[in-house]
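Visitor: In our numbering, the protein residues as written are 6 to 296. No residue lacks a Cβ here, since even glycine has one placed at the ideal position from N, Cα and C. Next up is a structure, given as structure tokens.
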Amino acid sequence: MDAEWDDLKTVLAVARSGTLAAAGAELGLNYTTVARRIQRAEAALGVNLFHRLPDGYRATDVGQLVARHAARMDQQADGLFRALQGQDQTLRGRLVVTAPQLLIGPHVAPVLEQFSEQHPEVEVLLRATNDLLDLNRREADLAIRISRTPGDTLMGVRLCEQHAASFAAQSVAKRLKDDPDAPVEWIVYEQTPKVPKAAMELHPNSKVRMVFDDMAAMVGAAQAGLGVVRMPMFLGRAAEGLEQVPVLPPQPYADIWVVAHRDVWPSAKVKAFREILVPWFKTHRDCFVST
6 MDAEWDDLKT VLAVARSGTL AAAGAELGLN YTTVARRIQR AEAALGVNLF
56 HRLPDGYRAT DVGQLVARHA ARMDQQADGL FRALQGQDQT LRGRLVVTAP
106 QLLIGPHVAP VLEQFSEQHP EVEVLLRATN DLLDLNRREA DLAIRISRTP
156 GDTLMGVRLC EQHAASFAAQ SVAKRLKDDP DAPVEWIVYE QTPKVPKAAM
206 ELHPNSKVRM VFDDMAAMVG AAQAGLGVVR MPMFLGRAAE GLEQVPVLPP
256 QPYADIWVVA HRDVWPSAKV KAFREILVPW FKTHRDCFVS T
């Protein structure tokens with residue numbers, strides 16, 4: 006029995022996801038390569054690792070055993086590479102940064118520009134996503150997150166506090182000003198699909214007009230004059246054609262953090278990026294809070 010590590014990692018990915026396609030997406034491989042690796046692992050170990058079912062692959066008892074051991078091996082490998090990365094004091098090579106999409110234009114891009122000018126030998130890969138990438142599994146080296154807490158296994162610095170407020174197109178703002186008793190129509194987020202309580206207290210005739218599942222789309226809808234949107238102040242202030250309307254008092258919103266795994270935090274590239282990022286947010290604090 007002498008299975009290759011790449012094949013064992015593939016066994017783990019298929020056991021987790023249940024399909025060759027999903028495992029391939031996780032590993033960056035095509036369907037046929039995943040299938041070939043599973044067959045090679047089974048041949049090397051002399052056992053069947055999966056039940057082939059119409060809707061996917063289900064690990065056999067032996068397959069589950071192999072997957073558990075592969076997961077521990079994977080964690081140990083990640084730990085080794087994180088430790089090595091944390092010891093790296095060179096300012097060259099790749100740095101993977103992740104940040105929420107809506108923060109990038111106004112507040113992350115200027116930091117990236119400064120960083121690239123100061124450290125031209127560092128190649129920055131930016132993963133623009135609202136998903137919380139797994140820093141334990143090295144999906145990113147450094148993360149900028151909007152969160153209440155950075156996470157137990159991570160090191161972090163709070164970049165700034167935030168407030169949220171209500172914003173609308175200028176035409177809607179004028180209508181609300183001219184007729185304070187007019188119904189206030191809201192565009193709300195799917196996860197909080199009601200008019201904010203404080204807004205209902207100020208304007209009992211408020212109502213939900215539309216529900217969206219994406220903040221960028223909500224900004225566009227507000228710009229089109231479809232209604233009032235509650236959003237972080239940095240976003241409403243930066244969005245062309247929107248203005249703050251007094252139908253919801255500014256309220257606390259989740260803070261913005263920069264975080265990394267404890268092992269990776271001391272590395273030179275991560276430290277150099279923080280040294281530009283932290284002052285930027287301190288200087289631009291007024292963009293994020295009510296003044």
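Looking at residue 240 and residue 203, is the spacing between their C-beta atoms short of 7 angstroms?
Guide: No, the pair does not count as a contact, with Cβ atoms beyond the cut-off.
Visitor: Measuring only the C-alpha atoms, how far is residue 175 from residue 182?
Guide: Cα to Cα, the separation comes out at about 10 angstroms.
Visitor: Considering only the beta carbon of each residue, do residue 28 and residue 16 sit closer than 7 angstroms?
Guide: For residue 28 and residue 16, no; Cβs fall outside 7 angstroms.
Visitor: Residues in the same chain with beta-carbon distance under 8 angstroms from residue 168, minus the five sequence neighbours each way, listed in chain order, please.
Guide: Excluding positions up to five away in sequence, the list reads 237, 238, 255, 256, 257, 258, 293, 294, 295.
Visitor: Helix, strand or coil: which one does DSSP assign to residue 248?
Guide: If DSSP states are grouped into helix, strand and coil, residue 248 belongs with the strands.
Visitor: Give the straight-line distance between the Cα atoms of residue 194 and residue 201, rounded to the nearest whole angstrom.
Guide: Going by the C-alpha atoms only, they are around 11 angstroms apart.
Visitor: Just to confirm the assignment: which complete alpha helix (DSSP H) runs, minimum length 4, are found wholly within the segment 20-77?
Guide: Fully enclosed alpha helix (DSSP H) runs of 4 or longer: 25-32, 36-50.
Visitor: With the cut-off set at 7 angstroms, would you say residue 263 and residue 164 are in Cβ contact?
Guide: In contact: residue 263 and residue 164 (Cβ atoms closer than 7 angstroms).
Visitor: Which term fits residue 270, buried or exposed, when burial requires 16 or more other beta carbons within 10 angstroms of its beta carbon?
Guide: Buried: at least 16 other Cβ atoms inside 10 Å.
Visitor: Which partner residues of residue 171 appear in the DSSP bridge assignment?
Guide: 235, per the DSSP bridge assignment.
Visitor: Residue range of the alpha helix (DSSP H) that residue 225 falls in?
Guide: 220-228 is the span of the alpha helix (DSSP H), which, as asked, contains residue 225.
Visitor: Name the residue from 290, 274, 287 whose alpha carbon lies nearest to the alpha carbon of residue 120.
Guide: Taking only the C-alpha atoms, the option nearest residue 120 is 274.
Visitor: Using 7 angstroms as the threshold, is the C-beta distance between residue 126 and residue 97 below it?
Guide: Yes, the Cβ-Cβ distance between residue 126 and residue 97 is below 7 angstroms.
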